[in-house]
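**Q**
2 protein chains.
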Amino acid sequence: MPRKPKQDRSRATVDAIVEAGFIALSQRGPADTTTRHIAEIAGVGVGSLYEYFENKQSIFSAMSQRFISDTAAMIQPLTPTLVQMPIDEAIRTLLNEFRNFLERDDGRYLKCVRHAMAVDFELHLDPLYKVLNNVIMRYLMEHPETLRVSRVPAITYIGINGGIFAVIRHLSDPDPMVSFDEMADGLASMIGHYIAAELSLVRDVVR
Amino acid sequence: MPRKPKQDRSRATVDAIVEAGFIALSQRGPADTTTRHIAEIAGVGVGSLYEYFENKQSIFSAMSQRFISDTAAMIQPLTPTLVQMPIDEAIRTLLNEFRNFLERDDGRYLKCVRHAMAVDFELHLDPLYKVLNNVIMRYLMEHPETLRVSRVPAITYIGINGGIFAVIRHLSDPDPMVSFDEMADGLASMIGHYIAAELSLVRDVVR
DNA sequence: ATATTTTTCCGAATTGAATCCGAACAAGCG
DNA sequence: CGCTTGTTCGGATTCAATTCGGAAAAATAT
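First to last, the protein sequences are chains P and U.
So in this note's numbering the end of the first sequence lands on 720, straight run, no missing numbers.
So in this note's numbering the end of the second sequence lands on 720, straight run, no missing numbers.
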């Protein structure tokens, strides 16, 4: 039964362990990442891992949680800028920011996400969803004409999931059929065209 | 160093092991699936696992490979039907077939894919890509006007990846924001609108 | 300042699953 | 049949995950 850290010192230890998890995982891959590696990198004894984590899995779980919240924190401040852009440019920007984020620190996150997906990736995805939904909501408010577009929730769902996984897949694909920019451009113009088509439909009906 | 099976008997063993892998994984989850479980379900001794597989991981790897090739085999025969449909209906059909496939045998595949993604999912995705690309190629041939649509490779890339992962995500999402049908409909009409928009653009230019 | 309690840290010892290996069993083959 | 080669098996071995009991450090009480 793992304890909650009550003092600053122990909070630092927990942090060091999670951080060490990212480093170890990106250096040696999931198969060769042992508890001893993690402990060594974190500069703590093996026993300490089990003071705050049920088992090795739950360290990965914490990493996956941290990854999602870091992603959300990265996107949050972009919101005001994004909502002012044309939709296709907004999407391209978002995808590029996500890419840069994944490739930060010598691709540490990127090397981890694949394995992270195995643990309980989706269990922790919620915060990211919240932020992205918020971006979309604000966008709709900022461009009232788009409120008439139908199937927004479905398109949102596909856009978010498709976007996340297409980027991850693409960055780990050794020989992608299309360049990253082409892909970003494709998604952007697909959604852009969709909205344009929907709006012109609305215009026709009104007319 | 795993051997290649040369006799029928041993090929059956290899098959039984992979099959047992699916059963064990879907029954007990990745954490509690031991080599002994797999061996027991397959009705072979533990040692036999290591005759044909480097280690436990590579059993999972073989499963992931088999999953992909089963998926491709499921889609292949649908090609002639699909290419005759309007694009949006074709997409809806494909997504629904994929869904049924994943939920077959009490969701055995579905329970495995998440874990499978951790192993080397993308390493084996190629056959599925080939089949889907083939479907799309034939579709383009069957509907020559669509040959003028731009960014086809990018849209294909996003459609395939987005489609696969959106379906998997959706089926393992305990509380999805949209129904499966709404999602399928969303993807279908997004691509449908995209193509329509592109075609009307072409018409305008020609005019 | 000192005693007491709580929190944190540790690493040697334990446990159990993955992997190895050599003996035993079947199949092909002259 | 002998002989060779392919196949199966499960106990023995190895190695990483986890446990545990107590030492050190910090917080709190006296």
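Yeah, the Cβ is synthetic: ideal placement off N, Cα and C, and Gly gets one too.
Please give the ranges of any alpha helix (DSSP H) in the stretch 525 to 582 of chain U, keeping only runs that are unbroken, at least 4 residues long and fully inside the region.
**A** List check, alpha helix (DSSP H) in window: 548 to 555 and 559 to 565.
**Q** Using the Cα positions of residue 602 (chain U) and residue 622 (chain P), report the straight-line distance between them to the nearest angstrom.
**A** Near 38 Å, if we compare the C-alpha coordinates of residue 622 (chain P) and residue 602 (chain U).
**Q** Is the beta carbon of residue 699 (chain P) less than 8 Å from the beta carbon of residue 667 (chain U)?
**A** Yes. Within cutoff.
**Q** Of all the options P:644, P:612, P:655 and P:611, which has the alpha carbon lying nearest to the alpha carbon of residue 599 (chain P)?
**A** Nearest C-alpha to residue 599 (chain P): P:655.
**Q** Can you tell me whether residue 669 (chain P) is buried or exposed, with buried defined as 16 or more other CB within 10 angstroms of its CB?
**A** So residue 669 (chain P) counts as buried.
**Q** Who are the neighbours of residue 709 (chain P) on chain U, taking C-beta pairs under 9 Å?
**A** Within chain U, the residues near residue 709 (chain P) are 706 and 710.
**Q** Taking 6 Å as the limit between beta carbons, can you name the residues of its chain near residue 701 (chain P), skipping five residues before and five after?
**A** Only 601, 604 and 605 meet the Cβ criterion.
**Q** Would you mind stating whether residue 555 (chain U) and residue 546 (chain U) have Cβ atoms separated by less than 8 Å?
**A** For residue 555 (chain U) and residue 546 (chain U), no; Cβs fall outside 8 Å.
**Q** Determine the DSSP secondary structure at residue 597 (chain P), reduced to helix, strand or coil.
**A** Correct three-state label for residue 597 (chain P): helix.
**Q** Going along the chain, which residues of its own chain have a beta-carbon closer than 7 Å to the beta-carbon of residue 612 (chain U), five neighbours each way excluded?
**A** Excluding sequence neighbours, residue 612 (chain U) sits near 680, 684 and 693.
**Q** Can you check whether the C-beta of residue 528 (chain P) is within less than 8 Å of a C-beta belonging to chain U?
**A** By this cut-off, residue 528 (chain P) is not an interface position.
**Q** How about residue 708 (chain P) and residue 662 (chain P): are their beta carbons less than 8 Å apart?
**A** Contact: yes.
**Q** Go through the stretch 601 to 665 of chain P residue by residue and report every complete run of the alpha helix (DSSP H) that reaches 4 residues or more, in order.
**A** Taking only runs of at least 4 residues, the alpha helix (DSSP H) segments lying wholly in the stretch 601 to 665 of chain P are 634 to 637 and 639 to 655.
**Q** Can you tell which of P:526, P:582 and P:714 has its C-alpha closest to the C-alpha of residue 644 (chain P)?
**A** Among P:526, P:582 and P:714, the Cα nearest to that of residue 644 (chain P) is on P:582.
**Q** Please name the residue in P:657, P:619 and P:577 whose C-alpha comes closest to that of residue 641 (chain P).
**A** Of the listed residues, the one whose Cα sits closest to residue 641 (chain P) is P:577.
**Q** Mark residue 524 (chain P) as exposed unless 16 or more other C-beta atoms lie within 10 angstroms of its C-beta, in which case mark it buried.
**A** Looking at its Cβ environment, which holds fewer than 16 other Cβ atoms inside 10 Å, residue 524 (chain P) is exposed.
**Q** So which residues on chain P does residue 700 (chain U) lean against when the C-beta distance must stay under 9 Å?
**A** Simply 667, 668, 671 and 675.
**Q** For a contact meaning CB atoms closer than 8 Å, what does residue 570 (chain P) contact in chain U?
**A** Within 8 Å Cβ-Cβ: 544.
**Q** Out of curiosity, what's the CA-to-CA distance linking residue 521 (chain P) and residue 531 (chain P)?
**A** Each residue's Cα considered, the two are about 16 Å apart.
**Q** Run down chain P in chain order and give the residues with a C-beta less than 8 Å from the C-beta of residue 686 (chain U).
**A** The contacting residues are 635.
**Q** What residues of chain U sit near residue 695 (chain P), judged by a beta carbon separation below 9 Å?
**A** In chain order: 664, 666, 667 and 670.
**Q** Look up residue 694 (chain P) in the DSSP assignment and say whether it is helix, strand or coil.
**A** Correct three-state label for residue 694 (chain P): helix.
**Q** So which residues of chain P does residue 691 (chain U) contact, with C-beta pairs closer than 7 Å?
**A** Ordered by position in chain P, the residues that pass the 7 Å Cβ test against residue 691 (chain U) are 666, 667 and 670.
**Q** Taking just the CA atoms, how far does residue 518 (chain P) sit from residue 559 (chain P)?
**A** Going from the Cα of residue 559 (chain P) to the Cα of residue 518 (chain P) covers about 17 Å.
**Q** Could you tell me the distance, in whole angstroms, from the CA atom of residue 620 (chain P) to the CA atom of residue 533 (chain U)?
**A** Taking the straight line joining both Cα atoms gives about 36 Å.
**Q** Rounded to whole angstroms, how far is the Cβ of residue 648 (chain P) from the Cβ of residue 592 (chain P), which I believe are closer than 8 Å?
**A** Contact flag correct, Cβ pair sits at about 5 Å.
**Q** Please tell me whether residue 682 (chain U) has its Cβ less than 8 Å away from any Cβ of chain P.
**A** Answer yes: the Cβ-Cβ gap between residue 682 (chain U) and chain P drops below 8 Å somewhere.
**Q** What three-state label does DSSP hand residue 689 (chain U) in the structure shown?
**A** Looking at residue 689 (chain U) - three-state DSSP - the assignment turns out to be coil, as it is neither helix nor strand.
**Q** With distances taken Cα to Cα, identify the nearest neighbour of residue 653 (chain P) among P:539, P:595 and P:609.
**A** Nearest of P:539, P:595 and P:609 to residue 653 (chain P), Cα basis: P:595.
**Q** Using a Cβ-Cβ distance cut-off of 8 Å, determine whether residue 721 (chain U) contacts chain P.
**A** Past the edges of chain U, shown from 514 to 720, lies residue 721 (chain U), and the structure says nothing about it.
**Q** Could you tell me the alpha carbon to alpha carbon distance between residue 674 (chain U) and residue 627 (chain P), rounded to whole angstroms?
**A** Their Cα atoms are separated by approximately 15 Å.
**Q** Check whether the Cβ atoms of residue 566 (chain P) and residue 572 (chain P) lie closer than 8 Å to each other.
**A** Result yes, Cβ atoms of residue 566 (chain P) and residue 572 (chain P) sit closer than 8 Å.
**Q** Indicate whether residue 706 (chain P) and residue 706 (chain U) have their beta-carbon atoms separated by less than 8 Å.
**A** Yes, they are a contact pair.
**Q** Report yes if the C-beta distance between residue 697 (chain U) and residue 609 (chain U) is below 8 Å; otherwise report no.
**A** A contact, by the Cβ cut-off of 8 Å.
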